[in-house]
Amino acid sequence: MRNIKSTISHCSDSSRVYLMDLHHDDFPKIISIIENMADENGYTKLFAKIPATYGPAFLNAGYVMEALIPGFYNGSEDALFMMKYKTEERAKPESEALEAFQQLLLKPANTKEIPMDADYTLKPLKEADATNMVPVFKEVFETYPFPIYDPDYLIKTMKEDDTRYFGAFFNNELIAISSAECNNTKKNAEMTDFAVISSHRGKRLAVHLLKFMEEELVKDGFKTFYTIARLHSLPMNKTFYNLGYKYSGTLHNNTQISGKIESMNIWYKSR
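Residue 1 is where the sequence shown starts when you use the UniProt record's numbering, and the numbers rise one by one after that.
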(Lines of atoms letter the chains of each structure in order from A and count residues from 1; the text may use other names and numbers.)
(Lines give C-alpha, C1' and ligand atoms only; values in the text may rest on other atoms or scores of the structure.)
Protein backbone atom coordinates (compact mmCIF):
# COMPACT_ATOMS: atom_id res chain seq x y z
CA MET A 1 0.00 0.00 0.00
CA ARG A 2 1.68 3.17 -1.29
CA ASN A 3 5.11 1.72 -0.59
CA ILE A 4 4.78 1.85 3.18
CA LYS A 5 5.80 -0.57 5.91
CA SER A 6 3.11 0.31 8.45
CA THR A 7 -0.03 -1.78 8.92
CA ILE A 8 -3.27 -0.02 7.99
CA SER A 9 -6.86 -1.24 8.00
CA HIS A 10 -9.80 0.66 6.56
CA CYS A 11 -13.40 -0.08 5.68
CA SER A 12 -16.61 1.69 4.74
CA ASP A 13 -18.69 -0.20 7.34
CA SER A 14 -16.82 1.50 10.19
CA SER A 15 -16.16 4.60 8.03
CA ARG A 16 -12.68 4.63 9.48
CA VAL A 17 -8.97 4.35 8.76
CA TYR A 18 -7.05 2.44 11.45
CA LEU A 19 -3.27 2.76 11.69
CA MET A 20 -2.63 -0.48 13.54
CA ASP A 21 1.16 -0.51 13.58
CA LEU A 22 3.38 2.47 12.72
CA HIS A 23 6.76 1.65 11.19
CA HIS A 24 9.36 4.31 11.96
CA ASP A 25 10.42 4.52 8.29
CA ASP A 26 6.95 5.88 7.43
CA PHE A 27 7.08 8.78 9.88
CA PRO A 28 5.96 11.53 9.39
CA LYS A 29 4.50 10.90 5.91
CA ILE A 30 2.06 8.33 7.34
CA ILE A 31 -0.02 11.16 8.83
CA SER A 32 -0.82 12.64 5.43
CA ILE A 33 -1.21 9.20 3.85
CA ILE A 34 -4.01 8.12 6.18
CA GLU A 35 -5.57 11.59 6.04
CA ASN A 36 -5.76 11.37 2.25
CA MET A 37 -7.13 7.84 2.48
CA ALA A 38 -9.94 9.03 4.75
CA ASP A 39 -10.76 11.96 2.46
CA GLU A 40 -10.71 9.85 -0.71
CA ASN A 41 -13.17 7.36 0.78
CA GLY A 42 -15.34 9.82 2.69
CA TYR A 43 -14.52 8.23 6.06
CA THR A 44 -15.48 10.15 9.19
CA LYS A 45 -12.80 8.90 11.59
CA LEU A 46 -9.07 8.21 11.76
CA PHE A 47 -7.68 5.94 14.48
CA ALA A 48 -3.94 5.59 15.13
CA LYS A 49 -2.38 3.25 17.70
CA ILE A 50 1.15 4.61 18.03
CA PRO A 51 4.24 4.65 20.28
CA ALA A 52 4.19 7.66 22.60
CA THR A 53 7.33 8.97 20.86
CA TYR A 54 5.18 10.05 17.90
CA GLY A 55 2.36 11.59 19.95
CA PRO A 56 3.25 15.28 19.47
CA ALA A 57 3.10 15.06 15.67
CA PHE A 58 -0.35 13.49 15.76
CA LEU A 59 -1.59 16.06 18.28
CA ASN A 60 -0.30 18.78 15.97
CA ALA A 61 -2.28 17.20 13.12
CA GLY A 62 -5.55 17.52 15.04
CA TYR A 63 -5.72 14.19 16.84
CA VAL A 64 -6.87 13.68 20.42
CA MET A 65 -5.74 10.90 22.76
CA GLU A 66 -8.60 8.70 23.99
CA ALA A 67 -6.63 5.92 25.71
CA LEU A 68 -3.12 4.85 26.72
CA ILE A 69 -1.53 1.49 27.51
CA PRO A 70 1.69 1.65 29.56
CA GLY A 71 4.62 -0.49 28.42
CA PHE A 72 2.74 -1.74 25.36
CA TYR A 73 5.86 -2.09 23.24
CA ASN A 74 8.11 -4.72 24.82
CA GLY A 75 7.19 -3.48 28.26
CA SER A 76 9.21 -0.29 27.70
CA GLU A 77 7.20 2.24 25.65
CA ASP A 78 3.59 3.33 26.03
CA ALA A 79 0.97 3.09 23.28
CA LEU A 80 -1.31 6.04 22.57
CA PHE A 81 -4.75 5.59 21.01
CA MET A 82 -5.13 8.74 18.93
CA MET A 83 -8.33 9.80 17.15
CA LYS A 84 -9.30 12.40 14.59
CA TYR A 85 -12.94 13.03 13.72
CA LYS A 86 -14.26 14.47 10.49
CA THR A 87 -17.74 15.29 11.83
CA GLU A 88 -19.05 16.54 15.15
CA GLU A 89 -21.62 13.73 15.24
CA ARG A 90 -18.93 11.04 15.03
CA ALA A 91 -17.05 12.58 17.98
CA LYS A 92 -20.10 12.84 20.23
CA PRO A 93 -19.88 10.58 23.35
CA GLU A 94 -22.62 8.02 24.01
CA SER A 95 -23.78 9.63 27.25
CA GLU A 96 -26.27 7.03 28.53
CA ALA A 97 -23.97 4.08 27.85
CA LEU A 98 -21.07 5.88 29.53
CA GLU A 99 -23.20 6.57 32.61
CA ALA A 100 -24.08 2.87 32.89
CA PHE A 101 -20.44 1.88 32.45
CA GLN A 102 -19.40 4.41 35.10
CA GLN A 103 -21.55 2.56 37.64
CA LEU A 104 -19.63 -0.65 36.92
CA LEU A 105 -16.31 1.04 37.71
CA LEU A 106 -17.65 2.42 41.00
CA LYS A 107 -18.30 -1.10 42.29
CA PRO A 108 -15.51 -3.34 43.62
CA ALA A 109 -14.27 -6.05 41.29
CA ASN A 110 -15.39 -9.60 42.02
CA THR A 111 -12.13 -11.53 42.19
CA LYS A 112 -13.61 -14.75 43.56
CA GLU A 113 -12.54 -17.70 41.44
CA ILE A 114 -15.24 -20.14 40.35
CA PRO A 115 -14.04 -23.46 38.89
CA MET A 116 -15.14 -24.34 35.37
CA ASP A 117 -17.76 -27.07 35.08
CA ALA A 118 -16.13 -30.45 34.54
CA ASP A 119 -18.21 -30.99 31.38
CA TYR A 120 -16.13 -28.35 29.54
CA THR A 121 -12.57 -28.50 28.23
CA LEU A 122 -10.35 -25.71 26.89
CA LYS A 123 -7.69 -26.01 24.22
CA PRO A 124 -5.91 -24.00 21.51
CA LEU A 125 -7.62 -24.21 18.12
CA LYS A 126 -5.84 -25.28 14.95
CA GLU A 127 -6.45 -24.95 11.22
CA ALA A 128 -8.55 -28.12 11.28
CA ASP A 129 -11.01 -26.37 13.61
CA ALA A 130 -11.72 -23.46 11.24
CA THR A 131 -14.88 -24.91 9.69
CA ASN A 132 -16.39 -25.56 13.13
CA MET A 133 -15.55 -22.03 14.26
CA VAL A 134 -17.78 -20.38 11.66
CA PRO A 135 -21.20 -21.43 13.11
CA VAL A 136 -20.20 -20.08 16.53
CA PHE A 137 -19.19 -16.70 15.11
CA LYS A 138 -22.33 -16.56 12.96
CA GLU A 139 -24.62 -17.07 15.94
CA VAL A 140 -22.91 -14.48 18.11
CA PHE A 141 -21.98 -11.71 15.63
CA GLU A 142 -24.67 -10.42 13.28
CA THR A 143 -21.99 -8.52 11.38
CA TYR A 144 -18.26 -8.07 11.92
CA PRO A 145 -15.55 -5.76 10.49
CA PHE A 146 -13.50 -8.75 9.23
CA PRO A 147 -14.67 -11.88 7.31
CA ILE A 148 -14.70 -14.28 10.26
CA TYR A 149 -17.49 -16.32 8.64
CA ASP A 150 -14.97 -17.59 6.07
CA PRO A 151 -12.87 -20.57 7.24
CA ASP A 152 -10.16 -19.71 4.71
CA TYR A 153 -9.83 -16.27 6.28
CA LEU A 154 -9.54 -17.82 9.75
CA ILE A 155 -6.79 -20.14 8.52
CA LYS A 156 -5.02 -17.19 6.90
CA THR A 157 -5.01 -15.28 10.19
CA MET A 158 -3.51 -18.29 11.94
CA LYS A 159 -0.76 -18.64 9.34
CA GLU A 160 0.05 -15.05 8.43
CA ASP A 161 -1.29 -12.71 11.11
CA ASP A 162 -0.07 -14.42 14.28
CA THR A 163 -3.62 -14.83 15.57
CA ARG A 164 -4.13 -17.63 18.07
CA TYR A 165 -7.61 -19.02 18.63
CA PHE A 166 -8.82 -20.85 21.72
CA GLY A 167 -11.97 -22.89 22.22
CA ALA A 168 -14.25 -24.33 24.86
CA PHE A 169 -15.72 -27.74 24.08
CA PHE A 170 -18.77 -29.55 25.45
CA ASN A 171 -18.89 -33.26 24.60
CA ASN A 172 -16.27 -32.59 21.90
CA GLU A 173 -18.45 -29.89 20.33
CA LEU A 174 -16.97 -26.41 19.94
CA ILE A 175 -19.31 -24.02 21.76
CA ALA A 176 -17.15 -20.98 22.59
CA ILE A 177 -14.21 -19.16 21.01
CA SER A 178 -11.74 -16.43 21.87
CA SER A 179 -8.64 -15.19 20.10
CA ALA A 180 -5.36 -13.41 20.78
CA GLU A 181 -3.95 -11.18 18.06
CA CYS A 182 -0.27 -11.46 18.92
CA ASN A 183 2.64 -9.16 18.24
CA ASN A 184 5.46 -11.62 18.80
CA THR A 185 8.16 -8.95 18.43
CA LYS A 186 6.72 -6.39 20.84
CA LYS A 187 5.22 -9.02 23.16
CA ASN A 188 1.67 -7.73 23.38
CA ALA A 189 -1.60 -9.44 22.52
CA GLU A 190 -5.13 -8.23 21.92
CA MET A 191 -7.64 -10.53 23.62
CA THR A 192 -10.69 -10.50 21.39
CA ASP A 193 -13.49 -12.27 19.49
CA PHE A 194 -15.16 -13.77 22.56
CA ALA A 195 -18.10 -15.79 21.30
CA VAL A 196 -20.24 -18.20 23.34
CA ILE A 197 -23.30 -19.83 21.80
CA SER A 198 -26.54 -18.96 23.55
CA SER A 199 -27.24 -22.42 24.99
CA HIS A 200 -23.98 -22.35 26.99
CA ARG A 201 -24.00 -18.80 28.33
CA GLY A 202 -23.99 -18.18 32.06
CA LYS A 203 -21.16 -20.66 32.63
CA ARG A 204 -18.42 -17.97 32.82
CA LEU A 205 -16.76 -19.49 29.77
CA ALA A 206 -15.40 -16.11 28.64
CA VAL A 207 -13.66 -15.77 32.01
CA HIS A 208 -12.12 -19.23 31.75
CA LEU A 209 -11.05 -18.68 28.14
CA LEU A 210 -9.42 -15.36 29.03
CA LYS A 211 -7.45 -16.91 31.90
CA PHE A 212 -6.44 -19.83 29.67
CA MET A 213 -5.19 -17.46 26.95
CA GLU A 214 -3.14 -15.49 29.47
CA GLU A 215 -1.53 -18.66 30.83
CA GLU A 216 -0.59 -19.86 27.35
CA LEU A 217 0.83 -16.50 26.25
CA VAL A 218 2.82 -15.91 29.43
CA LYS A 219 4.70 -19.12 28.62
CA ASP A 220 5.89 -17.41 25.42
CA GLY A 221 7.05 -14.24 27.13
CA PHE A 222 4.15 -11.91 26.41
CA LYS A 223 4.15 -8.85 28.68
CA THR A 224 1.00 -6.87 27.90
CA PHE A 225 -2.56 -8.06 27.30
CA TYR A 226 -5.32 -5.72 26.21
CA THR A 227 -8.78 -5.66 24.74
CA ILE A 228 -11.03 -3.27 22.86
CA ALA A 229 -14.42 -4.10 24.40
CA ARG A 230 -17.84 -2.85 23.35
CA LEU A 231 -19.03 -0.06 25.64
CA HIS A 232 -22.58 -1.45 25.51
CA SER A 233 -21.50 -4.94 26.61
CA LEU A 234 -21.34 -4.53 30.37
CA PRO A 235 -20.87 -8.29 30.97
CA MET A 236 -17.77 -8.34 28.76
CA ASN A 237 -16.35 -5.24 30.46
CA LYS A 238 -17.10 -6.86 33.80
CA THR A 239 -15.13 -9.95 32.78
CA PHE A 240 -11.96 -7.93 32.22
CA TYR A 241 -12.56 -5.77 35.30
CA ASN A 242 -12.92 -8.82 37.55
CA LEU A 243 -9.75 -10.40 36.16
CA GLY A 244 -7.57 -7.44 37.06
CA TYR A 245 -7.51 -5.50 33.81
CA LYS A 246 -7.35 -1.70 34.06
CA TYR A 247 -9.66 0.63 32.16
CA SER A 248 -7.73 3.29 30.24
CA GLY A 249 -10.23 5.08 28.01
CA THR A 250 -13.15 4.94 25.59
CA LEU A 251 -12.92 5.20 21.80
CA HIS A 252 -16.06 7.05 20.75
CA ASN A 253 -18.16 5.65 17.89
CA ASN A 254 -15.27 3.50 16.76
CA THR A 255 -16.24 0.14 15.27
CA GLN A 256 -19.10 -1.27 13.21
CA ILE A 257 -20.28 -4.44 14.90
CA SER A 258 -23.68 -6.12 15.15
CA GLY A 259 -25.06 -3.75 12.53
CA LYS A 260 -24.10 -0.35 13.98
CA ILE A 261 -21.08 1.75 14.90
CA GLU A 262 -20.30 1.38 18.60
CA SER A 263 -17.96 2.97 21.13
CA MET A 264 -15.23 0.75 22.54
CA ASN A 265 -13.44 0.58 25.90
CA ILE A 266 -9.72 -0.10 26.30
CA TRP A 267 -8.61 -2.49 29.06
CA TYR A 268 -5.07 -3.72 29.71
CA LYS A 269 -3.03 -5.93 32.03
CA SER A 270 0.77 -5.88 32.36
CA ARG A 271 2.79 -8.86 33.56
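Using N, Cα and C, we set each Cβ at its ideal position, and we do this for glycine too.
In chain order, what residues of the same chain lie with their CB nearer than 6 Å to the CB of residue i, ignoring the 5 residues before and after it?
i	result
ASN172	none
ALA61	ILE31
LEU122	ALA168 and PHE212
THR157	THR163
THR87	THR44
TYR18	SER9 and PHE47
Starting from residue i, trace the alpha helix (DSSP H) both ways and give me its first and last residue.
i	result
LEU104	95 to 106
GLY55	55 to 60
MET133	130 to 140
ARG16	That residue, ARG16, is in no alpha helix (DSSP H); its beta strand (DSSP E) goes 16 to 21.
LYS159	151 to 160
TYR241	234 to 242
MET213	205 to 218
residue 279	Coverage of the chain is limited to positions 1 through 271, which leaves residue 279 absent and any answer about it impossible.
Hey, would you say residue i sits closer than 8 Å to residue j, going by beta carbons?
i	j	result
ILE261	PHE141	no
ILE8	ILE34	yes
ILE197	ILE175	yes
SER248	ALA52	no
TYR54	PHE27	yes
PHE137	TYR149	yes
VAL134	PRO151	yes
ASP119	PHE170	yes
ASP117	LYS203	yes
Just to confirm my understanding: we take residue i, look at its own chain, exclude 5 residues before and 5 after, and list those with CB closer than 8 Å. What are they?
i	result
GLY244	ALA109, THR111 and LYS269
LEU104	LEU234, ASN237, LYS238 and TYR241
LEU210	SER178, MET191, PHE194, THR239, PHE240 and LEU243
Can you tell which of the options has its C-alpha closest to the C-alpha of residue i?
i	options	result
THR143	GLY259, ASP25, PRO115 and PRO235	GLY259
LEU22	SER15, ALA61, PHE47 and SER12	PHE47
PRO147	ASP13, MET82, SER248 and MET65	ASP13
MET264	GLY75, ASP25 and PHE81	PHE81
ALA195	GLY167, GLY55 and THR250	GLY167
LEU251	THR53, ASP220, ALA97 and LYS187	ALA97
LYS186	ASP78, ASP119 and GLY55	ASP78
CYS11	LYS5, ASN3 and THR44	THR44
HIS208	PRO115, ASP161, ASP152 and LYS223	PRO115
SER199	VAL17, TYR18, ARG16 and GLU139	GLU139
LYS84	MET158, PHE58 and PHE137	PHE58
HIS24	ILE4, GLU160, TYR18 and SER15	ILE4
VAL218	ASN253, GLU160, LEU205 and ASN184	ASN184
SER15	ARG271, LEU205, LYS159 and THR255	THR255
In its own chain, which residues sit with a C-beta less than 7 Å from the C-beta of residue i, not counting the 5 before and 5 after it?
i	result
ARG164	PRO124, SER179, ALA180 and CYS182
SER76	none
Over the uninterrupted beta strand (DSSP E) stretch that includes residue i, give me the two end residues.
i	result
residue 296	With the chain represented from 1 up to 271, any question about residue 296 goes unanswered, as that position is not in the structure.
ARG164	163 to 170
GLU173	173 to 183
HIS252	246 to 257
PRO124	120 to 124
message = Taking 8 Å as the cut-off, does the region 30 to 38 touch the region 108 to 115 (at least 3 CB pairs, one atom from each stretch)?
response = Contact fails: fewer than three Cβ-Cβ distances are below 8 Å.
request  = Take every Cβ of the region 189 to 196, pair it with every Cβ of the region 223 to 230, and state whether three or more of those distances are shorter than 8 Å.
outcome  = Judged by Cβ distances under 8 Å, the region 189 to 196 makes contact with the region 223 to 230, as three or more pairs qualify.
request  = Answer yes if the region 65 to 73 comes into contact with the region 231 to 242, meaning at least three C-beta pairs across the two stretches below 8 Å, and no otherwise.
outcome  = Flag = no, the region 231 to 242 and the region 65 to 73 do not touch.
query = Would the region 91 to 98 and the region 115 to 130 be scored as touching if the rule is three or more Cβ pairs under 8 Å?
reply = Contact check between the region 91 to 98 and the region 115 to 130: fewer than three CB pairs, one atom from each, fall below 8 Å, which does not count as touching.
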